[in-house]
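Engineer:
Residue numbers (my numbering): 1268 to 1498.
Right under this line is the structure:
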(Lines of atoms letter the chains of each structure in order from A and count residues from 1; the text may use other names and numbers.)
(Lines give C-alpha, C1' and ligand atoms only; values in the text may rest on other atoms or scores of the structure.)
Protein backbone atom coordinates (compact mmCIF):
# COMPACT_ATOMS: atom_id res chain seq x y z
CA UNK A 1 0.00 0.00 0.00
CA UNK A 2 1.59 3.35 -1.01
CA UNK A 3 2.46 5.85 1.72
CA UNK A 4 -0.01 8.68 2.15
CA UNK A 5 1.67 11.98 1.32
CA UNK A 6 0.86 15.62 2.02
CA UNK A 7 -0.74 17.47 -0.88
CA UNK A 8 0.99 20.69 0.16
CA UNK A 9 4.63 19.69 0.68
CA UNK A 10 4.74 16.06 -0.47
CA UNK A 11 6.06 14.74 2.86
CA UNK A 12 4.73 11.52 4.35
CA UNK A 13 1.57 11.72 6.48
CA UNK A 14 2.31 10.53 10.03
CA UNK A 15 -0.09 9.42 12.76
CA UNK A 16 0.39 10.45 16.39
CA UNK A 17 -1.03 8.93 19.56
CA UNK A 18 -2.69 12.13 20.73
CA UNK A 19 -4.92 14.67 18.98
CA UNK A 20 -3.39 18.07 18.29
CA UNK A 21 -4.77 21.32 16.92
CA UNK A 22 -4.02 21.99 13.24
CA UNK A 23 -5.17 24.99 11.23
CA UNK A 24 -6.61 24.26 7.78
CA UNK A 25 -4.23 25.39 5.03
CA UNK A 26 -7.00 27.09 3.04
CA UNK A 27 -9.99 27.49 5.34
CA UNK A 28 -7.91 28.69 8.36
CA UNK A 29 -10.19 26.78 10.72
CA UNK A 30 -8.71 24.85 13.67
CA UNK A 31 -9.15 21.07 13.63
CA UNK A 32 -8.25 18.32 16.11
CA UNK A 33 -6.24 15.68 14.26
CA UNK A 34 -3.99 12.68 14.72
CA UNK A 35 -2.66 12.56 11.16
CA UNK A 36 -0.63 15.29 9.44
CA UNK A 37 2.74 15.73 7.77
CA UNK A 38 5.72 16.86 9.87
CA UNK A 39 4.98 20.48 8.94
CA UNK A 40 1.38 20.12 10.20
CA UNK A 41 -0.27 20.86 6.88
CA UNK A 42 -3.96 19.99 6.60
CA UNK A 43 -6.60 20.52 3.93
CA UNK A 44 -10.17 20.03 5.17
CA UNK A 45 -12.71 18.05 3.16
CA UNK A 46 -14.60 21.13 1.99
CA UNK A 47 -11.46 22.81 0.69
CA UNK A 48 -10.26 19.59 -0.96
CA UNK A 49 -13.59 19.15 -2.70
CA UNK A 50 -13.63 22.72 -3.99
CA UNK A 51 -10.02 22.56 -5.22
CA UNK A 52 -10.48 19.29 -7.10
CA UNK A 53 -13.81 20.35 -8.58
CA UNK A 54 -12.16 23.52 -9.84
CA UNK A 55 -9.40 21.48 -11.50
CA UNK A 56 -11.97 19.16 -13.09
CA UNK A 57 -13.93 22.16 -14.36
CA UNK A 58 -10.77 23.68 -15.89
CA UNK A 59 -9.77 20.37 -17.48
CA UNK A 60 -13.18 20.02 -19.10
CA UNK A 61 -13.32 23.62 -20.27
CA UNK A 62 -9.92 23.20 -21.96
CA UNK A 63 -10.24 19.72 -23.45
CA UNK A 64 -11.24 18.97 -27.02
CA UNK A 65 -11.83 15.28 -26.29
CA UNK A 66 -15.17 13.68 -27.13
CA UNK A 67 -14.54 10.43 -25.23
CA UNK A 68 -15.77 10.79 -21.62
CA UNK A 69 -13.83 7.71 -20.52
CA UNK A 70 -10.59 9.29 -21.68
CA UNK A 71 -11.44 12.47 -19.78
CA UNK A 72 -12.17 10.41 -16.65
CA UNK A 73 -8.84 8.59 -16.92
CA UNK A 74 -6.92 11.84 -17.36
CA UNK A 75 -8.58 13.26 -14.26
CA UNK A 76 -7.83 10.15 -12.19
CA UNK A 77 -4.20 10.10 -13.32
CA UNK A 78 -3.39 13.78 -12.85
CA UNK A 79 -5.77 15.61 -10.50
CA UNK A 80 -5.33 13.78 -7.19
CA UNK A 81 -8.96 12.71 -6.92
CA UNK A 82 -9.48 10.80 -3.62
CA UNK A 83 -10.29 7.09 -3.53
CA UNK A 84 -13.87 7.86 -2.45
CA UNK A 85 -15.89 11.06 -2.54
CA UNK A 86 -18.38 13.32 -4.30
CA UNK A 87 -15.69 14.55 -6.70
CA UNK A 88 -16.59 11.49 -8.76
CA UNK A 89 -20.17 12.74 -9.18
CA UNK A 90 -18.78 16.05 -10.36
CA UNK A 91 -16.33 14.42 -12.77
CA UNK A 92 -18.98 12.22 -14.40
CA UNK A 93 -21.19 15.25 -14.89
CA UNK A 94 -18.45 17.41 -16.41
CA UNK A 95 -16.86 14.69 -18.57
CA UNK A 96 -20.11 13.50 -20.15
CA UNK A 97 -21.32 17.02 -20.85
CA UNK A 98 -18.14 18.33 -22.43
CA UNK A 99 -17.61 15.13 -24.45
CA UNK A 100 -21.13 15.47 -25.84
CA UNK A 101 -20.68 19.14 -26.73
CA UNK A 102 -17.33 18.45 -28.38
CA UNK A 103 -18.82 15.57 -30.36
CA UNK A 104 -21.55 17.79 -31.87
CA UNK A 105 -19.17 20.74 -32.32
CA UNK A 106 -21.06 22.98 -29.90
CA UNK A 107 -17.93 24.07 -28.06
CA UNK A 108 -19.35 27.57 -27.67
CA UNK A 109 -21.93 26.16 -25.22
CA UNK A 110 -19.32 24.70 -22.87
CA UNK A 111 -19.32 27.41 -20.25
CA UNK A 112 -23.12 27.68 -20.10
CA UNK A 113 -23.70 23.93 -19.84
CA UNK A 114 -20.80 23.19 -17.50
CA UNK A 115 -21.83 25.93 -15.08
CA UNK A 116 -25.35 24.53 -14.99
CA UNK A 117 -24.03 21.01 -14.43
CA UNK A 118 -21.72 22.25 -11.73
CA UNK A 119 -24.53 23.93 -9.82
CA UNK A 120 -26.63 20.76 -10.00
CA UNK A 121 -24.00 18.10 -9.32
CA UNK A 122 -22.46 19.87 -6.32
CA UNK A 123 -25.81 19.52 -4.56
CA UNK A 124 -25.16 15.78 -4.19
CA UNK A 125 -23.10 15.69 -0.97
CA UNK A 126 -20.37 13.37 0.17
CA UNK A 127 -21.75 10.23 1.78
CA UNK A 128 -24.94 10.44 -0.30
CA UNK A 129 -24.56 6.89 -1.62
CA UNK A 130 -24.53 5.12 1.73
CA UNK A 131 -26.87 7.58 3.45
CA UNK A 132 -29.65 7.14 0.88
CA UNK A 133 -28.74 3.65 -0.35
CA UNK A 134 -28.56 4.71 -3.98
CA UNK A 135 -25.60 5.73 -6.08
CA UNK A 136 -25.06 9.42 -6.76
CA UNK A 137 -23.25 8.51 -9.97
CA UNK A 138 -26.47 7.12 -11.47
CA UNK A 139 -28.37 10.27 -10.53
CA UNK A 140 -25.70 12.27 -12.35
CA UNK A 141 -26.43 10.29 -15.52
CA UNK A 142 -30.07 11.37 -15.26
CA UNK A 143 -28.93 14.97 -14.80
CA UNK A 144 -26.75 14.69 -17.90
CA UNK A 145 -29.67 13.50 -20.02
CA UNK A 146 -31.92 16.18 -18.52
CA UNK A 147 -29.50 18.98 -19.38
CA UNK A 148 -28.70 17.95 -22.95
CA UNK A 149 -32.38 17.51 -23.85
CA UNK A 150 -33.16 20.78 -22.04
CA UNK A 151 -35.84 19.41 -19.71
CA UNK A 152 -38.07 21.91 -17.92
CA UNK A 153 -40.10 21.70 -14.70
CA UNK A 154 -43.14 20.13 -16.36
CA UNK A 155 -41.47 18.28 -19.23
CA UNK A 156 -43.10 14.87 -19.56
CA UNK A 157 -41.06 12.92 -22.10
CA UNK A 158 -37.82 14.47 -20.88
CA UNK A 159 -38.65 13.59 -17.26
CA UNK A 160 -39.31 10.01 -18.34
CA UNK A 161 -36.03 9.75 -20.24
CA UNK A 162 -33.97 11.09 -17.35
CA UNK A 163 -35.48 8.56 -14.95
CA UNK A 164 -35.01 5.73 -17.43
CA UNK A 165 -31.32 6.65 -17.67
CA UNK A 166 -30.99 6.59 -13.88
CA UNK A 167 -32.80 3.25 -13.61
CA UNK A 168 -30.64 1.56 -16.23
CA UNK A 169 -27.46 2.87 -14.65
CA UNK A 170 -28.47 1.75 -11.15
CA UNK A 171 -29.23 -1.72 -12.51
CA UNK A 172 -25.76 -1.96 -14.06
CA UNK A 173 -24.10 -0.77 -10.86
CA UNK A 174 -26.11 -3.21 -8.73
CA UNK A 175 -25.13 -6.18 -10.91
CA UNK A 176 -21.55 -5.90 -9.66
CA UNK A 177 -22.76 -6.62 -6.10
CA UNK A 178 -19.82 -4.83 -4.52
CA UNK A 179 -19.74 -1.33 -2.96
CA UNK A 180 -16.86 1.00 -2.13
CA UNK A 181 -15.36 1.78 -5.51
CA UNK A 182 -16.15 5.21 -6.90
CA UNK A 183 -13.83 4.64 -9.87
CA UNK A 184 -15.77 1.57 -10.99
CA UNK A 185 -19.17 3.25 -10.74
CA UNK A 186 -17.75 6.24 -12.62
CA UNK A 187 -16.80 4.02 -15.56
CA UNK A 188 -20.07 2.05 -15.40
CA UNK A 189 -22.16 5.23 -15.26
CA UNK A 190 -20.27 6.81 -18.13
CA UNK A 191 -20.75 3.74 -20.32
CA UNK A 192 -24.46 3.58 -19.49
CA UNK A 193 -24.91 7.23 -20.39
CA UNK A 194 -23.18 6.62 -23.72
CA UNK A 195 -25.35 3.59 -24.50
CA UNK A 196 -28.54 5.40 -23.51
CA UNK A 197 -27.61 8.39 -25.64
CA UNK A 198 -26.99 6.19 -28.67
CA UNK A 199 -29.99 3.86 -28.40
CA UNK A 200 -32.75 6.25 -27.34
CA UNK A 201 -31.58 9.68 -28.42
CA UNK A 202 -29.68 8.77 -31.60
CA UNK A 203 -26.59 10.52 -30.29
CA UNK A 204 -23.12 9.02 -30.29
CA UNK A 205 -19.93 9.86 -28.46
CA UNK A 206 -16.49 9.08 -29.84
CA UNK A 207 -15.50 6.25 -27.51
CA UNK A 208 -12.21 4.58 -28.32
CA UNK A 209 -10.14 4.36 -25.14
CA UNK A 210 -9.73 0.99 -23.40
CA UNK A 211 -10.49 1.47 -19.70
CA UNK A 212 -7.76 0.32 -17.33
CA UNK A 213 -8.16 1.47 -13.73
CA UNK A 214 -4.72 2.80 -12.81
CA UNK A 215 -5.40 3.84 -9.18
CA UNK A 216 -6.86 0.46 -8.09
CA UNK A 217 -3.98 -0.17 -5.67
CA UNK A 218 -5.04 2.87 -3.61
CA UNK A 219 -8.38 1.27 -2.72
CA UNK A 220 -8.04 -1.32 0.03
CA UNK A 221 -11.54 -2.62 -0.84
CA UNK A 222 -10.65 -3.25 -4.49
CA UNK A 223 -11.60 -6.79 -5.48
CA UNK A 224 -8.79 -6.95 -8.00
CA UNK A 225 -9.17 -9.25 -11.02
CA UNK A 226 -12.88 -9.77 -10.31
CA UNK A 227 -13.44 -6.20 -11.50
CA UNK A 228 -13.93 -5.64 -15.24
CA UNK A 229 -11.61 -2.62 -15.16
CA UNK A 230 -8.70 -4.27 -13.30
CA UNK A 231 -5.83 -5.43 -15.52
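For every residue, glycine included, the Cβ atom is placed at its ideal position computed from N, Cα and C. Please read all numbers here as calculations on a predicted model, not as lab measurements.
Per DSSP, residue 1290 is paired with what?
Structural biologist: Bridge partners of residue 1290: 1297.
Engineer: Check whether the region 1326-1342 and the region 1452-1461 are in contact - that is, three or more C-beta pairs closer than 8 Å.
Structural biologist: Counting Cβ pairs under 8 Å, three or more are found: they touch.
Engineer: Can you name the start and end residues of the alpha helix (DSSP H) that residue 1424 belongs to?
Structural biologist: Segment 1424-1442, the alpha helix (DSSP H) holding residue 1424.
Engineer: For residue 1315 and residue 1406, what's the separation of their Cα atoms in angstroms?
Structural biologist: Straight-line Cα distance between these residues: approximately 23 Å.
Engineer: By the 10 Å Cβ neighbour count, where 16 or more other Cβ atoms means buried, how is residue 1354 classified, buried or exposed?
Structural biologist: Flag for residue 1354 reads buried.
Engineer: If I measure Cβ to Cβ from residue 1369 and keep anything under 7 Å in the same chain, skipping five residues before and after, which residues do I get?
Structural biologist: So the qualifying residues of the chain are 1331, 1332 and 1333.
Engineer: Between 1448, 1294 and 1494, which has its C-alpha nearest residue 1349's C-alpha?
Structural biologist: Comparing Cα-Cα distances from residue 1349 to each of 1448, 1294 and 1494, the minimum goes to 1448.
Engineer: Taking the alpha helix (DSSP H) that residue 1380 belongs to, which residues open and close that run?
Structural biologist: Note, residue 1380: alpha helix (DSSP H), 1377-1388.
Engineer: What distance in whole Å lies between the Cβ atoms of residue 1429 and residue 1388, which are believed to be in contact at a cut-off of 8 Å?
Structural biologist: Residue 1388 to residue 1429, Cβ: 14 Å. No contact.
Engineer: Can you check which of these residues, 1414, 1435, 1352 and 1281, is closest to residue 1394 by C-alpha distance?
Structural biologist: Comparing Cα positions, the closest option is 1352.
Engineer: For residue 1411, tell me which candidate among 1441, 1440 and 1458 has the shortest Cα-Cα distance.
Structural biologist: The shortest C-alpha separation from residue 1411 is found at 1458.
Engineer: Tell me, please, whether the region 1362-1376 touches the region 1466-1481 by the rule of three or more beta-carbon pairs shorter than 8 Å.
Structural biologist: Yes: the two stretches touch, three or more of their Cβ pairs being nearer than 8 Å.
Engineer: Measuring only the C-alpha atoms, how far is residue 1498 from residue 1309?
Structural biologist: Cα to Cα, residue 1498 sits roughly 34 Å from residue 1309.
Engineer: Are the beta-carbon atoms of residue 1442 and residue 1480 separated by less than 7 Å?
Structural biologist: No, the Cβ-Cβ distance between residue 1442 and residue 1480 is not below 7 Å.
Engineer: Quick test of your reading: residue 1340 and residue 1476, contact by CB under 8 Å. State the CB separation rounded to the nearest angstrom.
Structural biologist: Contact holds; Cβ gap of about 7 Å.
Engineer: Which residues in the same chain have their Cβ closer than 8 Å to the Cβ of residue 1391, if we skip the five residues on either side of it in sequence?
Structural biologist: Only 1353, 1356, 1403, 1406 and 1407 meet the Cβ criterion.
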